[in-house]
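*Asks:* Following the numbering used here, the numbering of the sequence shown begins with 832 at its first residue and continues without gaps. Every residue, glycine too, gets a C-beta built ideally from N, C-alpha and C.
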Amino acid sequence: MAKPYDPTTGEGGETQQIGRGATPKLTTNHGAPISDNQNSLRAGARGPTLLEDFILREKIFHFDHERIPERIVHARGSVAHGHFECTDPIPELSRASLFAKKGKRTEVIVRFSTVAGGAGSVDTPRDVRGFATKFYTDEGNWDLVGNNIPVFFIQDAIKFPDLIHSVKMEADRGFPQAASAHDTFWDFVSLMPETLHTVMWAMSDRGIPRSYRMMEGFGIHTFKLVDADGAESFVKFHWRPRLGTQSLVWDESAKLQGADNDYHRRDLWEAIAAGDYPEYDLAIQSFDTELANSLPYDVLDATKIIPEEVVPLRVIGRMVLDRNPDNHFAENEQLAFLPSNVVPGIDFSDDPLLQGRLFSYLDTQKSRLGTTNFHQIPVNAPKCPYANMMRDGLMQTQIPKGRANYEPNSLDEAGEDPGPRPRADGFCTAPQPVAGEKLRVRSESFADHYSQPRMFWKSQTENEQAHIASAITFELSKLALNHIRLRVLSQLRNVDETLAERVAKGLGLDLPNAAPPAKEPIDLEPSDALSIQKRWQATLQGRKVGILFDEGSDKAALEALIKAVKDAGATPFTIASKVGGMKLQGGEMKADGQLAGSPSWLFDAVALVLTEDAARRLAQDSAAVGFVADAYAHLKALGHDEGAKALLDRAGVKPDAGVVDLPKLPKAATLRYWDREASLRDLA
Ligand code: HDD
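1. Confirm the yes/no value for this check: CB of VAL1491, any heavy atom of the ligand HDD, distance under 6 Å.
2. Within 8 Å, do at least three Cβ pairs link the stretch 1183 to 1200 to the stretch 941 to 950?
3. With H, G and I counted as helix, E and B as strand and the rest as coil, what does DSSP make of MET1031?
4. In the DSSP assignment, the beta strand (DSSP E) including HIS914 goes from what residue to what residue?
5. Taking all protein chains shown into account, do 16 or more other C-beta atoms lie within 10 angstroms of the C-beta of GLN1451, making it buried, or fewer, making it exposed?
6. How is ALA1105 classed by DSSP in three states: helix, strand or coil?
7. For a test of the three-state rule: what should DSSP assign to PRO992, helix, strand or coil?
8. For MET832, collect the residues of the same chain with a Cβ closer than 7 Å to its Cβ; drop the 5 residues on either side in sequence, then sort them by chain order.
9. Taking the alpha-carbon positions, what's the LEU924 to GLU1508 distance?
10. For the ligand HDD, any of its heavy atoms closer than 6 Å to the Cβ of ASN1158?
11. For the alpha helix (DSSP H) that LYS1386 lies in, which residues bound it at each end?
12. I need the straight-line Cα distance from PHE1205 to ALA1167, nearest angstrom please.
13. Kindly list the residues whose CB is nearer than 6 Å to the CB of ILE1299, restricted to its own chain and excluding five residues on each side of it in sequence; keep chain order.
14. Return the first residue and the last residue of the beta strand (DSSP E) that TYR967 is part of.
15. Does DSSP put ASN1313 in a helix, a strand or coil?
16. Tell me the DSSP secondary structure of LEU1189 in three-state form.
17. Apply the 10 Å Cβ neighbour rule to LEU1185 and answer buried if 16 or more other Cβ atoms are within range, or exposed otherwise.
18. Any heavy atom of the ligand HDD within a distance shorter than 6 Å of the CB on SER944?
19. Among the residues of its own chain, which have a CB less than 8 Å from the CB of TYR1108, if the five just before and after it don't count?
20. Need the endpoints of the alpha helix (DSSP H) that SER1021 sits in, please.
21. Figure out for me which residue from ASN1172, ASN978 and LEU1189 has the closest Cα to the Cα of ARG1037.
22. Check each candidate in THR1228, ARG1252, PRO1231 and GLU1247 and name the one with the smallest Cα separation from PRO1239.
23. Contact between the stretch 1213 to 1220 and the stretch 1240 to 1260: three or more CB pairs below 8 Å?
24. What does GLN1425 pair with, by DSSP beta-bridge criteria?
25. My output table needs one value for VAL1459: the three-state DSSP class, helix, strand or coil.
26. Just to confirm my understanding: we take SER1180, look at its own chain, exclude 5 residues before and 5 after, and list those with CB closer than 8 Å. What are they?
27. Give the straight-line distance between the Cα atoms of VAL1141 and PRO981, rounded to the nearest whole angstrom.
28. Per DSSP, what kind of secondary structure is SER1064 in: helix, strand or coil?
29. Assign MET1269 to buried or exposed, taking buried as 16 or more other Cβ atoms, counted over all protein chains shown, within 10 Å of its Cβ.
30. Taking MET1023 as the reference, give the member of ALA963, LYS990 and ARG1285 with the closest Cα.
31. Short check: CB of SER871 to CB of THR880, under 7 Å?
32. From ALA1010 to LYS1498, what distance separates their C-alpha atoms?
33. Tell me, please, whether the stretch 1452 to 1469 touches the stretch 1351 to 1363 by the rule of three or more beta-carbon pairs shorter than 8 Å.
34. Look at the Cβ atom of ILE1177, then the Cβ atom of ARG1145, and state whether they are nearer than 7 Å.
35. Assuming ASP1381 contacts PRO1430 under a Cβ cut-off of 8 Å, what Cβ separation, rounded to an integer in Å, is found between them?
36. Taking contact to mean 3 or more Cβ pairs, one atom from each stretch, closer than 8 Å, check whether the stretch 883 to 897 and the stretch 924 to 935 are in contact.
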């Protein structure tokens, strides 16, 4: 006998037609077998279509309703499944079961996203990235819904709709899509100095990550950990990618928007499909009220970080993402995160941004997924047993049993199943004294908006500072309203005078007076951990190297390079003017990609394996010249053999530490050549 259909695994069921284990029989959604899926029912071969055709009507009806409202923010995202493993248990801090034992594994799903663009927008605009993790723990789902930047634009949830309205497409014209370089966003920024810290991060190279696999993640808010005795401490959560943090350069990220809309989604998918699983360490900063009170900023203010030089990071686990989704809609579009999903041992702080989020996400799921039963969708359902007295509602997919759908009840006295009951060891909010007047105010301790952006600026290398100044100059150059530019400059003067001067010079404007600060900024110690370049991980692991060859290239040299790139943990990708196959010195070879569709923007480093004749010919081809010139301009390593000279010269490549012989490429390709930039680009 056939197994009954199991909607959670997609297995079994003679007539089901989705998922694994499907039988060859095609049926309607109600199980009727279909004999013809090519033609609708007509009156005569050339006659009108009949309303009676229930197979046609059901198919079109379903198709017409295949889309659900996209997320108002973070609409475009990519998911991966995996697990979290506890490597350093913390029972002294938290009774959360996932942190209880070394080696304990918990299933996870992660969704990485951009914030501003729609679901069909591109992957590489300048934007904050979402980094949301659902841990399916044995005591319920814990959702850590964070970003790749450790601070947020605003301090109070009541400003979230204003922030998002200002950054999304402008209300009248419906553009620009997925871009912050427009009047309304900067208008909001200039009027709300609390945004400046996150703006500095977003304008830095953090706003244009190289890969979701090479991006940090942060829980942002201060949360609480609660141990088995009810003792609590404050905590901040950090994800650290094992491959190191790496970003694109701006020109590269802009060009990638044309070359590959799906650059980050494809990168994640391909890495997992190839068995090159992304890994991240989970680290915590834990601290007590005394330390919190000693800091010159408020730990409940989401626009502030605690530098790791002040409270060090402790790695407590690692996450491995090792499975791609089977279905984009079921596992990505329907995936619903709730910051209110916590488990015993983890609790909320009074951060007013977090408090507002606790309402917003539950509310949004009802409008996106249409039902209060969205938790029953396989990707959202806990993997541990769950039971309560909630019943009915649109799309109830379970058949709750028993007579008692209320609590308390005494049906056990009649020998019947009384249903689930609360237990003393269930989730218990950490007790906290609360007193005071009801007020609509912002705490005085939230008033310093400039000291931390200044600290961020001072923590960057010179080259990173130039990127920030140039990004702000670029964005402000796109504005139509000059008074907004001036107001942003008046804010930047409080962050750093030289930054404001450089942006003003880049725009050709005189500096306005500084905005009067609500609270005078102070100088905080710079933190090296805030710079990508100071913590650069010189590795080729997980990177991609583009190798250009042509008729007559040396096959042995090509093969040696491919092997060396693989040995260094990277993916080689061969490129030629034709993909069908080329005659080389020493045999034939097919390329992975055709030159016209494989610009060097897609690679972390490039190599040229060419005869003199081929290089001279390619020097007349703009795709080949662009391939080399852009790799050089994007500060990448270039490996080449003797023959490639004509093409290198035509592309304007000058010798430097990143322009090397082929055998030296795998080592050289672990870096980008920031020193090259000043001679190539007019940075602010
Ligand atoms: Fe949010 C989605 C991250 C503040 C309201 N947010 C969303 C996602 C991420 C974040 C990663 C995508 C989840 C997914 O992949 O499905 N949001 C943050 C962070 C914040 C933050 C790190 C501040 C520290 N968000 C925030 C506030 C509000 C919201 C203050 C509202 C008051 N966020 C939402 C939302 C979304 C959302 C509208 C859209 C889709 C969804 O929730 O499920 O409810």
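*Replies:* Based on what the coordinates show:
1. In this structure, the C-beta of VAL1491 stays at least 6 Å away from each heavy atom of the ligand HDD.
2. Fewer than three pairs of CB atoms, one per stretch, sit closer than 8 Å, so the stretch 941 to 950 makes no contact with the stretch 1183 to 1200.
3. The three-state reading of DSSP puts MET1031 in helix, counting H, G and I together.
4. Where HIS914 is concerned, the enclosing beta strand (DSSP E) starts and stops at 908 to 917.
5. The Cβ neighbour count for GLN1451, taken over all protein chains shown within 10 Å, is under 16; the residue is labelled exposed.
6. If DSSP states are grouped into helix, strand and coil, ALA1105 belongs with coil.
7. Of the three classes helix, strand and coil, the one that applies to PRO992 here is helix, per DSSP.
8. Confidence at MET832 is low in this model, with a pLDDT of 41, below 50, so its placement is unreliable and no value can be given for it.
9. One C-alpha to the other measures close to 47 Å.
10. Because no heavy atom of the ligand HDD lies under 6 Å away, the Cβ of ASN1158 does not count as near it: no.
11. Per DSSP, the unbroken alpha helix (DSSP H) holding LYS1386 starts and ends at 1386 to 1398.
12. Whole-angstrom Cα-Cα distance: 8 Å.
13. By the criterion of a C-beta distance shorter than 6 Å, ILE1299 is surrounded in its chain by MET1034 and SER1035, once the five residues flanking it on both sides are discounted.
14. Here the beta strand (DSSP E) through TYR967 covers 960 to 968.
15. Reduced to three states, the DSSP call for ASN1313 is helix.
16. Annotated three-state conformation of LEU1189 is helix, per DSSP.
17. Under this definition LEU1185 is a buried residue.
18. SER944 Cβ: within cutoff of the ligand HDD.
19. By the criterion of a C-beta distance shorter than 8 Å, TYR1108 is surrounded in its chain by GLY913, ALA1102, VAL1151, LEU1152 and ASP1153, once the five residues flanking it on both sides are discounted.
20. According to the DSSP assignment, SER1021 belongs to the alpha helix (DSSP H) that extends over 1014 to 1022.
21. Considering only ASN1172, ASN978 and LEU1189, the residue with the shortest C-alpha distance to ARG1037 is ASN978.
22. For PRO1239, the nearest C-alpha among the options comes from ARG1252.
23. They touch, by the three-pair rule.
24. Beta-bridge pairing links GLN1425 to ALA1407.
25. In this structure, VAL1459 counts as helix in the three-state DSSP scheme.
26. Taken in chain order, the residues that qualify are HIS1052, THR1053, PHE1054, LYS1055, PHE1065, VAL1130 and LEU1131.
27. VAL1141 and PRO981 have their alpha carbons spaced roughly 15 Å apart.
28. It is a strand residue.
29. According to the sequence shown, residue 1269 is Lys rather than Met. Classification for LYS1269: exposed.
30. Ranked by how close their Cα comes to the Cα of MET1023, the residues ALA963, LYS990 and ARG1285 have LYS990 in first place.
31. With contacts defined as CB atoms closer than 7 Å, SER871 and THR880 qualify as a contacting pair.
32. Distance between the alpha carbons of ALA1010 and LYS1498 is about 36 Å.
33. Output reads no: the stretch 1351 to 1363 does not touch the stretch 1452 to 1469.
34. Contact check for ILE1177 against ARG1145 fails: the beta carbons are separated by 7 Å or more.
35. Incorrect: roughly 17 Å between the Cβ atoms, too far for contact.
36. Of all C-beta pairs linking the stretch 883 to 897 to the stretch 924 to 935, fewer than three are shorter than 8 Å, placing the two stretches out of contact.
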